[in-house]
Amino acid sequence: MARVPLSSRPLDFVYFCFFLNHIPASILLDFQKFYPAAYVPSAIVGIRQWWIDISADPLVAAAARGDNLLHGELVWFGCFAWLELLFQFPVFILGMRGLWNGSRSIYVLMLAYGASTATTVLPCIVYFLQEHPNMTPAHRLMLLSSYVPFLLVPLMMTVDMGFRMYNIVASAEVKAKTE
Numbered sequence: 001m002a003r004v005p006l007s008s009r010p011l012d013f014v015y016f017c018f019f020l021n022h023i024p025a026s027i028l029l030d031f032q033k034f035y036p037a038a039y040v041p042s043a044i045v046g047i048r049q050w051w052i053d054i055s056a057d058p059l060v061a062a063a064a065r066g067d068n069l070l071h072g073e074l075v076w077f078g079c080f081a082w083l084e085l086l087f088q089f090p091v092f093i094l095g096m097r098g099l100w101n102g103s104r105s106i107y108v109l110m111l112a113y114g115a116s117t118a119t120t121v122l123p124c125i126v127y128f129l130q131e132h133p134n135m136t137p138a139h140r141l142m143l144l145s146s147y148v149p150f151l152l153v154p155l156m157m158t159v160d161m162g163f164r165m166y167n168i169v170a171s172a173e174v175k176a177k178t179e
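If you read the sequence shown in full-length UniProt numbering, its first letter stands for residue 1, the second for the next number, and so on.
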């Protein structure tokens, strides 16, 4: 079966671009807490500080302060950061490869990724919607505009991949009955 180009598969193209966009965001912003500080270029630290300055993001700020995210109030966020590093980030690469090749075998992993990511982003949104010192309504709007796509796209991916897998199974069942 010939590979159908991504341009002919609109949702797959959206997912591919989503993964592609997420790679530099993870490497430059989200994963800074895992790098030895001496090895992080000042320009990359500057990107994180710029984001904190314009958004007042309490989660990124906690990581930037060096808060221990595996103890205390933000333990859930620390766990989500490790999940992003160990599971979600590899899925970006595997997902892009599978989507590029038009492989249906990637659907299960993408469904797991979508459910995992939507589940982890929602508590982040709820957390920053609470009252935080120095956070204005403009900051909340900025945070919503940046976090909500990382909730909606994975949620859409979860539903889409679930339906795709259902159709594959239903088709196989029909085929098995006719044989």
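Positions of the beta carbon are idealized from the N, C-alpha and C atoms, including for glycine.
Bear in mind the structure is a predicted one, so any value in this text is a computation, not a measurement.
- prompt: The alpha helix (DSSP H) spanning ILE27 covers which residue range?
  reply: 10-28
- prompt: Given that a residue counts as buried once 16 or more other Cβ atoms are within 10 Å of its Cβ, and exposed if not, what is VAL60?
  reply: buried
task: Report yes or no: is there a C-beta of chain B within less than 8 Å of the C-beta of ARG9?
output: Of the chains in the structure shown, none is chain B; there is only one protein chain.
message: The alpha helix (DSSP H) that contains GLN49, what's its start and end?
response: 42-55
- request: Let me know the alpha helix (DSSP H) ranges lying completely inside the stretch 67-103, each 4 residues or longer, listed in chain order.
  value: 75-83, 89-101
- request: Can you give me the start and stop residues for the alpha helix (DSSP H) that ASN167 sits inside?
  value: 149-178
field: Helix, strand or coil at ALA63 according to DSSP, with G and I counted as helix
entry: helix
- prompt: If you count every other CB in all the chains shown that lies within 10 Å of the CB of LYS33, and 16 or more means buried, which is it?
  reply: buried
- request: Give every residue of the same chain whose Cβ lies closer than 7 Å to the Cβ of SER7, excluding the five residues on either side of it in the sequence, and list them in chain order.
  value: PHE13
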